[in-house]
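The structure appears below as structure tokens.
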Amino acid sequence: MKPGWYILNYHDISWEENAYERAIGGNFPPDIFRAHVQTLSRAARLVSVAEGLRRWQQGAVDEPLVSFWFDDGLAGVRRYALPLLAGQGVTAAMSVCSRFMLRQEFFWRFKLAFLTRGDGLRFLRSRLRPLGFASGMSLRAFTLDHFGAEVLAAIDAVYTQFTAAHDRQDAFRLFDDVAGMAALRDAGWEIANHSAAHYPVSEESYLDHFAGQFGECEQALNAHLGLSSRFWVLPFARQPHLAGRLADAFAAAQPGDRILVLMGARRNIAAQPQGGLLYRFYPPLVDGPGLLRYLRSTP
Numbered sequence: 001m002k003p004g005w006y007i008l009n010y011h012d013i014s015w016e017e018n019a020y021e022r023a024i025g026g027n028f029p030p031d032i033f034r035a036h037v038q039t040l041s042r043a044a045r046l047v048s049v050a051e052g053l054r055r056w057q058q059g060a061v062d063e064p065l066v067s068f069w070f071d072d073g074l075a076g077v078r079r080y081a082l083p084l085l086a087g088q089g090v091t092a093a094m095s096v097c098s099r100f101m102l103r104q105e106f107f108w109r110f111k112l113a114f115l116t117r118g119d120g121l122r123f124l125r126s127r128l129r130p131l132g133f134a135s136g137m138s139l140r141a142f143t144l145d146h147f148g149a150e151v152l153a154a155i156d157a158v159y160t161q162f163t164a165a166h167d168r169q170d171a172f173r174l175f176d177d178v179a180g181m182a183a184l185r186d187a188g189w190e191i192a193n194h195s196a197a198h199y200p201v202s203e204e205s206y207l208d209h210f211a212g213q214f215g216e217c218e219q220a221l222n223a224h225l226g227l228s229s230r231f232w233v234l235p236f237a238r239q240p241h242l243a244g245r246l247a248d249a250f251a252a253a254q255p256g257d258r259i260l261v262l263m264g265a266r267r268n269i270a271a272q273p274q275g276g277l278l279y280r281f282y283p284p285l286v287d288g289p290g291l292l293r294y295l296r297s298t299p
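Below is the structure:
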């Protein structure tokens, strides 16, 4: 592997397969994740996010460094990834959406994924047609490109139609609660701000809510976990769709010395004088040697 700080981004580590996570991606069984960790421990130096950040900011990334990062606050990470990484003597980072942690709102993309099972999508397409949806369009792309209150309401209405109240409440178990996040914090993990509800706040469709979403999550992290995050992690961060005004929105939110984190499949070499951005890799669902080949093939 070339010198650089490689940050690998996962969603969940779990044996469970369910209708909510199956269509999202980024979910790995523990044996595959273990193979990733073991393979990379031989090919690079595994470091905490804090150590990687320090060396990145100092311009001292003269060898391959690998850190692990998990988005959305899913409970399987604490159950499986925490002990696996502890066995290697390394901690990781967890990006939290406060409304999921506090059971205030369920992830809208999980609702959409659930509707792929059965006949729900037919009803959702019908509700979205007045908003511009047409046959042949991708539901995933349309809901992101046209994201707003009307799209959310359509998804929620059909999801409610196809689920029972007790099932909707039980689905929150996929996400860790405050006690689970406190356990990660106490184990030395970095707790990052992933916005309140995982809306596409980095894209033109919802950029005006950037400060409100990150501010709400920041307040929740402070109130319930007693911390202030060092990282604001963009939900989705679709590279071709990032708003041209994103940097201005970040600055207007008065982030202080916080760092903006996104996807990008690139190594982090050295921070820019103004702080710069952090990029993360989205690992393919392959074994350890396959992951190593993938990382070695990147520029």
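Residue numbers (this note's numbering): 1 to 299.
Note that the Cβ used here is the ideal one computed from N, Cα and C, for glycine as well.
- Use the C-beta contact count for A93: other C-beta atoms within 10 angstroms, 16 or more gives buried, fewer gives exposed. Stepping through the sequence shown from its first residue, residue 93 is reached at position 93. Buried, by the Cβ-count rule.
- Query: Can you name the start and end residues of the alpha helix (DSSP H) that R280 belongs to?
  - Reply: For the purposes of this step, residue 280 is taken as residue 280 along the sequence shown, with counting starting at 1. Unbroken run through R280 is the beta strand (DSSP E), 277-280; no alpha helix (DSSP H).
- Just the C-alpha distance for D177 and M101, rounded to the nearest angstrom, thanks. Your numbering for residue 177 matches position 177 in the sequence shown. Your numbering for residue 101 matches position 101 in the sequence shown. Spanning the two alpha carbons is a distance of roughly 5 angstroms.
- Message: Quick check on this structure: which residue in A60, F175, H36 has the alpha carbon closest to the alpha carbon of F107?
- Response: Indexing the sequence shown from 1 puts residue 107 at position 107. For F107, the nearest C-alpha among the options comes from F175.
- Message: According to DSSP, is D119 part of a helix, a strand, or is it coil?
- Response: Numbered from its first residue, the sequence shown carries residue 119 at position 119. Note: D119 maps to coil in three-state DSSP.
- Check whether the Cβ atoms of K111 and Y159 lie closer than 9 angstroms to each other. One-based indexing of the sequence shown puts residue 111 at position 111. One-based indexing of the sequence shown puts residue 159 at position 159. Yes, they are a contact pair.
- DSSP state of E218, grouped into three classes? Position 218 of the sequence shown, counted from the start, is the residue given in the question as residue 218. DSSP places E218 in helix when its eight states are reduced to three.
- Query: Touching or not, the region 2-13 and the region 281-292, by the rule of three or more beta carbon pairs under 8 angstroms?
  - Reply: Contact holds: three or more Cβ-Cβ distances are below 8 angstroms.
- Query: Quick one, are the C-beta atoms of T143 and L128 less than 9 angstroms apart?
  - Reply: Mapped onto the sequence shown, residue 143 falls at position 143. Mapped onto the sequence shown, residue 128 falls at position 128. A contact, by the Cβ cut-off of 9 angstroms.
- Query: Leaving out the 5 sequence neighbours to the left and right, which residues in its chain are closer than 6 angstroms to F33 when beta-carbon positions are compared?
  - Reply: On the sequence shown, position 33 is the one that residue 33 refers to. Here the set comprises I13.
- Does the region 36-47 come within contact of the region 55-72, defined as at least 3 CB pairs closer than 8 angstroms? Cβ pair count under 8 angstroms is three or more, so yes.
- Task: Indicate, with yes or no, if the ligand HEM has a heavy atom lying under 8 angstroms from the CB of G25.
- Result: The ligand HEM is absent from the structure shown, which contains no ligands of any kind.
- Message: Using 9 angstroms as the threshold, is the C-beta distance between A237 and G264 below it?
- Response: Against the sequence shown, residue 237 aligns to sequence position 237. Against the sequence shown, residue 264 aligns to sequence position 264. For A237 and G264, yes; Cβs fall inside 9 angstroms.
- Query: Any idea if E150 is buried or exposed, counting beta-carbon neighbours within 10 angstroms, 16 or more meaning buried?
  - Reply: Stepping through the sequence shown from its first residue, residue 150 is reached at position 150. Classification of E150: exposed, given that the 10 Å Cβ count is below 16.
- Among the residues of its own chain, which have a CB less than 7 angstroms from the CB of A35, if the five just before and after it don't count? On the sequence shown, residue 35 is found 35 positions in, with the first residue counted as 1. Answer for A35: D287, G288, listed in chain order.
- Where does G4 sit, in a helix, a strand or coil, going by DSSP? The sequence position of residue 4 within the sequence shown is 4, counting from 1. Reduced to three states, the DSSP call for G4 is strand.
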